[in-house]
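Report on the structure given below.
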Amino acid sequence: MVTHPDRTEPLRIHGVHYLNARPLWQAFADGAVTMSREHRLVLAAPAEVARAIAEGDADVALLPVAAAASIGGLELVPGSAIGADGPVRSVAIFGERPLDQLDTIALDLSSRTSVVLARLVLAARGLRPRLVGATAAEALSRVGGATGALAIGDAALAVEGRFAHTLDLAAAWKELTGLPFVFAAWFARPGVLAAGDGEAFTAAKGYGLARVAELAAEHAEAHGLDAASLTSYLQDSLRYDLDAPALRGLGEFFARAASARQLPRSAPSTVTAPVATGPQHAESLDRLLSRAADGDRLSGAEGVRLLREAPLFDLGLAADAVRRRKHPHGVVTYIVDRNVNYTNVCTTSCRFCAFYRPVGHAEGYVLSREELAEKLSEVVRAGGVQILLQGGLNPDLRLSWYEDLFRWMKREFALGLHALSPEEILHLARIEELDVRAVLERLRAAGLDSVPGGGAEILVDRVRRRIAKAKCTSEEWLGVMRVAHHMGLRSSATMMYGTTDTPEDRVQHLLKLRELQDETAGFTAFFCWDYQYEKGTRIAPGDGGTQLYLRTQAVSRLMLDNVDHVGASWVTQGPAVGQVALRFGADDFGSVMFEENVVSSAGTTFGVDAREIERRVREAGFRVARRDVRYAWLTEPS
Amino acid sequence: MLDSIRDKVRRGERLDAADALALFCEPDLLAVGALANEVRERMHGDRAFFNRNMRVEVTNVCVASCLFCSFAKLEADSPGAHTMTLEDAWRELEVRMDDPPGEVHIVNGLHPGLPFTYYEELLRGFKRIKPDVHLKCFTAVEIQFFADHYGMTVTDVLSRLREAGLDSMPGGGAEIFHPDVRSRISHDKATGQQWLDVHREAHAMGMRTNATMLYGHIETFEHRVDHLMRLRELQDRTGGFQAFIPLAFHPDGNGMKNLPAPTAVDDLRTVAVSRLVLDNFAHIKSYWVSSTPKIAQVALRFGADDIDGTIVHETIYSAAGSTSPSGLAYDELVRLIREAGRIPIERDTLYNVLREHPRAALPEAAAKVRDRERPKAKRRLPVTDAAADVAVDSTKESSPW
Numbered sequence: 033m034v035t036h037p038d039r040t041e042p043l044r045i046h047g048v049h050y051l052n053a054r055p056l057w058q059a060f061a062d063g064a065v066t067m068s069r070e071h072r073l074v075l076a077a078p079a080e081v082a083r084a085i086a087e088g089d090a091d092v093a094l095l096p097v098a099a100a101a102s103i104g105g106l107e108l109v110p111g112s113a114i115g116a117d118g119p120v121r122s123v124a125i126f127g128e129r130p131l132d133q134l135d136t137i138a139l140d141l142s143s144r145t146s147v148v149l150a151r152l153v154l155a156a157r158g159l160r161p162r163l164v165g166a167t168a169a170e171a172l173s174r175v176g177g178a179t180g181a182l183a184i185g186d187a188a189l190a191v192e193g194r195f196a197h198t199l200d201l202a203a204a205w206k207e208l209t210g211l212p213f214v215f216a217a218w219f220a221r222p223g224v225l226a227a228g229d230g231e232a233f234t235a236a237k238g239y240g241l242a243r244v245a246e247l248a249a250e251h252a253e254a255h256g257l258d259a260a261s262l263t264s265y266l267q268d269s270l271r272y273d274l275d276a277p278a279l280r281g282l283g284e285f286f287a288r289a290a291s292a293r294q295l296p297r298s299a300p301s302t303v304t305a306p307v308a309t310g311p312q313h314a315e316s317l318d319r320l321l322s323r324a325a326d327g328d329r330l331s332g333a334e335g336v337r338l339l340r341e342a343p344l345f346d347l348g349l350a351a352d353a354v355r356r357r358k359h360p361h362g363v364v365t366y367i368v369d370r371n372v373n374y375t376n377v378c379t380t381s382c383r384f385c386a387f388y389r390p391v392g393h394a395e396g397y398v399l400s401r402e403e404l405a406e407k408l409s410e411v412v413r414a415g416g417v418q419i420l421l422q423g424g425l426n427p428d429l430r431l432s433w434y435e436d437l438f439r440w441m442k443r444e445f446a447l448g449l450h451a452l453s454p455e456e457i458l459h460l461a462r463i464e465e466l467d468v469r470a471v472l473e474r475l476r477a478a479g480l481d482s483v484p485g486g487g488a489e490i491l492v493d494r495v496r497r498r499i500a501k502a503k504c505t506s507e508e509w510l511g512v513m514r515v516a517h518h519m520g521l522r523s524s525a526t527m528m529y530g531t532t533d534t535p536e537d538r539v540q541h542l543l544k545l546r547e548l549q550d551e552t553a554g555f556t557a558f559f560c561w562d563y564q565y566e567k568g569t570r571i572a573p574g575d576g577g578t579q580l581y582l583r584t585q586a587v588s589r590l591m592l593d594n595v596d597h598v599g600a601s602w603v604t605q606g607p608a609v610g611q612v613a614l615r616f617g618a619d620d621f622g623s624v625m626f627e628e629n630v631v632s633s634a635g636t637t638f639g640v641d642a643r644e645i646e647r648r649v650r651e652a653g654f655r656v657a658r659r660d661v662r663y664a665w666l667t668e669p670s
Numbered sequence: 002m003l004d005s006i007r008d009k010v011r012r013g014e015r016l017d018a019a020d021a022l023a024l025f026c027e028p029d030l031l032a033v034g035a036l037a038n039e040v041r042e043r044m045h046g047d048r049a050f051f052n053r054n055m056r057v058e059v060t061n062v063c064v065a066s067c068l069f070c071s072f073a074k075l076e077a078d079s080p081g082a083h084t085m086t087l088e089d090a091w092r093e094l095e096v097r098m099d100d101p102p103g104e105v106h107i108v109n110g111l112h113p114g115l116p117f118t119y120y121e122e123l124l125r126g127f128k129r130i131k132p133d134v135h136l137k138c139f140t141a142v143e144i145q146f147f148a149d150h151y152g153m154t155v156t157d158v159l160s161r162l163r164e165a166g167l168d169s170m171p172g173g174g175a176e177i178f179h180p181d182v183r184s185r186i187s188h189d190k191a192t193g194q195q196w197l198d199v200h201r202e203a204h205a206m207g208m209r210t211n212a213t214m215l216y217g218h219i220e221t222f223e224h225r226v227d228h229l230m231r232l233r234e235l236q237d238r239t240g241g242f243q244a245f246i247p248l249a250f251h252p253d254g255n256g257m258k259n260l261p262a263p264t265a266v267d268d269l270r271t272v273a274v275s276r277l278v279l280d281n282f283a284h285i286k287s288y289w290v291s292s293t294p295k296i297a298q299v300a301l302r303f304g305a306d307d308i309d310g311t312i313v314h315e316t317i318y319s320a321a322g323s324t325s326p327s328g329l330a331y332d333e334l335v336r337l338i339r340e341a342g343r344i345p346i347e348r349d350t351l352y353n354v355l356r357e358h359p360r361a362a363l364p365e366a367a368a369k370v371r372d373r374e375r376p377k378a379k380r381r382l383p384v385t386d387a388a389a390d391v392a393v394d395s396t397k398e399s400s401p402w
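Protein chains in written order, with this note's numbering: chain A, 33 to 670; chain B, 2 to 402.
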C-alpha cells in the first residue's frame, strides 16, 4: 500500500519462521544470495509478517496468500511458493466420523488461508457445519462425536493418524479443481525489486531445497519429532514451485474466495501479472465503486484508493447501497444511555486528550456513590437503558473496587453496563497480575454486559506510539476484544483519525478490525471521528474537515463488510453533520448524551435530546427506533 | 422523474416549476446533490469563492415586526435597542485599517427616527476612511422603507445613496415572496413585488445585487419554487443578480420559536435545488453563518461555489441562536475550502479574482496545507494569510486597495 520505495536502504525481507517456509529463506539467513542491494532477513509469525508489509515495515514478505489478497496492491514474486499438489498433511479436518456427519467444526484460526480453503471445500461438498473459532489446542481437544476440527501446521502433523477420519484439504482441493494449492508465496511492495532480484528468490529456493534433510533433522531434534517424517513432509508433501499449474491453482482459489466474499476480488491481478508496476489500478474507479456497492470484499489497497480518489457522492451512494442491503427496513436507531466518566485520573497522558489529570493533581476526581446514584437515577427517569462507563487509568482503583461498583449498580438500577474499554481492562490485568480473561470473567460476574470500543485510536503502532505512548499496542487492544468476544461479550469498535495518521493507516485499522470480526463476529458496530483539537491537547491536527469525515465513514462502511452497524458520530461532528452522515452509510445515530466529558473537554459540545434526534432522522428520510446495546429495537420504528 | 430532470440538466435545458418541486421532494439527497455538483463544476470547476468583508449593523430599531426576527427591537427606547452614532459606525472600519476588509456590508432595522442624511453620511464616512472600500448596503426592504418614509421614489433613494457611495445591494429581506406566507411572517414591510421592483430598479441603474430566500419556517416547497421562479424571471430580464443565498430560518428568541430549525439535509437540498433551478445565476452561496462552517464545507459539493467571507462580527443570526462563530479568520476560510477539495479564490464583491490559493492535491491531502495550530473558532479579526506556499505572498499587492 505504500508507494515510494527507497532503493538506497537495505531491502527488508520478512519470512515466516515455520519449518515449511525455511527452504525459501534459509539462503538469506546464511548470506548466500546476491542481490542488487543489501538485504536483511526478519523472521516472524505469519500475522506479524503480514502486518509488516501492510504497514510499510517490510519490502518483500513470505505471505499467506489470503493475507496478500487482503492487503492488495502487492506484486507476486515469481518462481517460489509453499504449496501442495495433492495431500499436504499439515492442513486437515480431523473427526471421529466422516466429514458429512459432522455438525460442528472447530477452526484453528491461525491461518486465514486454510480457513478460507476449508470453507470453500465444505461449501463445494454442500456441507454446512457450524464453524467455531478456537486455538489449535482447543480445536483438537473438541474432536469427538459430531464435532471435528481444522488443524494447521505442527498441530496437524502431531495428530496424524490419531482420529478415525482425516480430510486433507490440499488433497480435497486437488480433487475439486484438479489444480495444486498455494498456501504462501513471496510478495513485494510495488517497485522495491530491481531487475534480476526476482531470480535471487528462485536461487534461494534452490539453496534451501538442497538442504531439506539438514533443515528437517535440525527441526526434528529441537522439537522431538521424527526427522524422516519431516524430510518426507518437506520433500514429498510440499511443492515449492510457482509454475503455471500452481499459478492457475492460486488464481482459482482467489476467484472462488472472492465469489464467496471471503477475499477481495482484485487478487487475481496480482497473480497473473508478473513483477511489474501497478496492476492494482487496472480497474476503473467506477467499476471498483460498483463492486464495493455490491458488497464485494475490498482489499486494503482498494480502500486506500477509494479514500484518496473516489468522488464524495460516489462514496456516499456506494455506502448507502450497502447500508440499504444490510438494513432494508430504512430504520435508523439510537440509544438512550449516559456516558459516565468515573475518574479523570490517568497515567497514560495521551497527547490528544484534554480530559485526564495526572495522579495527585488537584483537579483529579473519582465519582462518589452519591454522585453516581444521582446520574444513574436521572438516566432511569429519562427512560435510559444503559450506562457507558469509562474512565482514566487510575492506579488507586483495584479490580475489587470495580466489582463492588458493578454489583451495586446492578442491584440499585435496572441499566445495562457497557463498561471499560480495552485499555482499562489491560490496566486492571496489569495491576492485579491477572490475565485479561480472568479480569473479564470477574467483571462479567459482577455485572459487565458489554465492552465499549474506545481507545482504539488508530490500530497501527507507529501512530499509537506518537500520540499515546503509554497506551496498549494494537495487538493488545485487539487481543482484549478477541477474549471478550470469545466469552460471548459484544463490543463496539471505533477509530479516531486525524492526528499523524495517513489514509493507509486508517485502512490498515479497518483491515485489522475486519480480520478480528471474521474470527469472532463480536463487534456490533463501528464509529469513527476525527481528532478534536482544542486547548489542553498537545498534538497538532492532521487531516480533518467534514468532507473527510463523510468520506472516512463511507469507506469504513464499504470495508467493514462483516460489521452490521455503522454509527454517525454526531457528538463529535455536530448533529447537522450527523444527520447528513446517515446518507453516507450510517444506520445508527449513537446516543442521547447526558454528558460526554472527554470530548467536551476538547471543546466539542453539542446537546441534542431524543425528540430532536428523531426529527433529524426522519427528515433525512428514515424511520427511527430506540435500541439496546445489541441493536435490538426497543420501540416500533416510526 | 429524477431521470428526466437529469437528462434536461445534461442537455442544458431549463427546469420548470414541476421539476423544481420534484427535486425538493426527491428522497435521494445524494442524487440531487450530485446533479447540482455537476452543474456547479461545469460552471466553476473546482473554484470556490470567499471574500474579506465585515458586517456592520448600525441600528436594530425597527418598525417592522417580522415573526422570524430575533434581532430587531421595535422602539428606540426598548431594552436592548441600540443605534450607533456615525462615529461609532465608522470606527468599526477605522480600527481594522491595518488589515482592512474589501467590503463593508451594512444591514439595519427600519428606524423611524433617523434622517435620510444619516445614511448618506454613513456611506460618505466609510469612503473617506477607505476610498476604495466596496459598500454593499441596505436591503430592498430598507430602500423601500426609505422611499415610503422620506417620501421619495425608489429611484431617488438609490440615486442619492449611490451618490453617497453605495456600490451594490445585498440580497436580504426577500424572505418568501409568496403573499400567503409573507402576509403572515412579515406583513408590515416591502411586499415581494416591491422587493423585486427595487432590485429591478437597481439593476437598471447598473448596480449589482444579490438575492436570498428565508426557508424552513411555515412555507411549503411550492412557495420555495415560486420564490425561485420569480427570481429567475427577473434575472432573465436584468441579469443584475450575482449570487443567490438560501438562508435557513433559526428559531431562537423570535415569534416562531415553536418551530424547529430546518435540518442539514434540508440545507443541502435547498442549495442543490437552487443551483439546478437558478440557471441564470452565476453564483450560489452557502452563507456559513446560517448553515454553520461544517455544512457550508459540505455544500461546496452540493452546488454552492461561495461561502461568503470573514464577516468579522455578525449579530442577526447570533441573536436567533445560530451556533456559528460570529467571524472566521481568513486562514480558516481557506482551510475550509481546501478540505472540501476546492480551490480557494479570494474575490471582491463583484467577483473579480483577487487571489487564487493553491488547492490541496487531493481531498485527502487538504490537511497537508493546514496550519499547525488551528485558529480558535471565535477569533474575530481577520488575520493575514500565513500559508507559506501561496503564489502571491502579499495580500496588499494583489488587492485593489
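For each residue, glycine too, the CB sits at the ideal point set by N, CA and C.
| Asked | Found |
| --- | --- |
| Relative to chain E, which residues along the stretch 286-297 of chain B have a C-beta separation below 7 Å, given in chain order? | Reference to chain E is not applicable here, since the protein chains of this structure are A and B. |
| Tell me which residues share the same chain as glycine 193(B) and place their Cβ nearer than 6 Å to its Cβ, disregarding the 5 neighbours each side in the sequence. | Phe178 and Arg183 |
| Strictly under 9 Å for the Cβ-Cβ distance: is aspartate 352(A) near chain B by that measure? | yes |
| For a contact defined as C-beta to C-beta under 7 Å, what are the partners of arginine 648(A) on chain B? | Thr264 |
| Name the one or two DSSP bridge partners that isoleucine 296(B) has. | None; isoleucine 296(B) has no bridge partner. |
| Could you tell me the distance, in whole angstroms, from the CA atom of glutamate 374(B) to the CA atom of tryptophan 289(B)? | Confidence in glutamate 374(B) is poor, its pLDDT being 34 and thus under 50, which makes the residue's placement too unreliable to answer from. |
| Give me the Cα-Cα distance between proline 359(B) and phenylalanine 51(B), rounded to the nearest whole angstrom. | 14 Å |
| Quick one: which chain A residues come within Cβ less than 9 Å of glutamate 340(B)? | Asp575, Gly576, Gly577, Thr578, Gln579 and Leu580 |
| CA-CA distance, alanine 350(A) and glycine 241(B)? | 41 Å |
| Cα-Cα, which of Ala608(A), Phe626(A), Arg615(A) and Arg650(A) is closest to aspartate 268(B)? | Ala608(A) |
| Using 8 Å as the cut-off, can you tell me whether the stretch 162-170 of chain A makes contact with the stretch 205-222 of chain A, which would need three or more C-beta pairs spanning the two stretches below that distance? | no |
| Taking only the alpha-carbon atoms, compute the straight-line gap between tyrosine 397(A) and glutamine 564(A) and give it to the nearest angstrom. | 23 Å |
| Taking C-beta pairs closer than 7 Å, name the residues in chain A that alanine 35(B) reaches, listed in chain order. | Phe345 |
| Find the nearest neighbour of serine 71(B) within the set Ala212(B), Val354(B), Leu277(B) and Lys258(B), judged by alpha-carbon distance. | Lys258(B) |
| Starting from the C-beta of glutamate 646(A), find all residues in its chain whose C-beta is less than 7 Å away, skip the five residues before and the five after it, and write them out in chain order. | Val656 |
| Of all Cβ atoms in chain A, is any one closer than 9 Å to the Cβ of arginine 7(B)? | no |
| Along the stretch 50-71 of chain A, what residues have a CB closer than 9 Å to any CB found in chain B? | none |
| Cutting at 6 Å between CB atoms, please list the residues of its own chain near alanine 73(B), excluding the five before and the five after it. | Asn61, Cys63 and Gly110 |
| Between proline 296(A) and chain B, is any beta-carbon pair separated by less than 9 Å? | no |
| If leucine 73(A) and isoleucine 114(A) are in contact, beta carbons under 8 Å, what's the gap, nearest whole angstrom? | Actually they do not touch by this definition, with Cβ atoms about 16 Å apart. |
| Counting only the same chain and skipping the five closest in sequence on each side, list residues whose C-beta sits under 7 Å from that of alanine 642(A). | Val368 and Val624 |
| For arginine 302(B), return the contacting residues in chain A, with the cut-off set at a CB-CB distance below 8 Å. | Leu344, Phe345 and Gln579 |
| Could you check whether the stretch 276-288 of chain B touches the stretch 238-255 of chain B, counting it as contact only if at least three pairs of C-beta atoms, one from each stretch, sit closer than 8 Å? | yes |
| Name the one or two DSSP bridge partners that valine 74(A) has. | His46(A) |
| Would you tell me roughly how many angstroms separate the C-alpha atoms of proline 364(B) and alanine 49(B), rounded to the nearest one? | With a pLDDT of 46 at proline 364(B), under the threshold of 50, the modelled position of this residue cannot be trusted; read the value that follows with caution. Distance between the alpha carbons of proline 364(B) and alanine 49(B) is about 14 Å. |
| Taking DSSP as the reference, what is the three-state secondary structure of glutamate 253(A)? | helix |
| Measuring straight from C-alpha to C-alpha, what distance separates alanine 64(A) and alanine 236(A)? | 8 Å |
| Let's see if you can read the secondary structure: which residues bound the alpha helix (DSSP H) around histidine 541(A)? | 535-552 |
| So, is the C-beta of valine 391(A) closer than 9 Å to a C-beta in chain B? | no |
| Quick one: does glutamine 418(A) have its CB under 9 Å from some CB of chain B? | no |
| Where do the N-terminal and C-terminal ends of the alpha helix (DSSP H) with serine 524(A) fall, by residue? | From DSSP, serine 524(A) is part of no alpha helix (DSSP H) but of the beta strand (DSSP E) over 522-529. |
| Taking 8 Å as the limit between beta carbons, can you name the residues of its chain near leucine 247(A), skipping five residues before and five after? | Leu51, Arg54, Pro55, Gln58, Gly240 and Leu266 |
| Who are glycine 448(A)'s beta bridge partners in DSSP? | Gln418(A) |
| Residues in the same chain with beta-carbon distance under 6 Å from aspartate 328(A), minus the five sequence neighbours each way, listed in chain order, please. | Arg297 |
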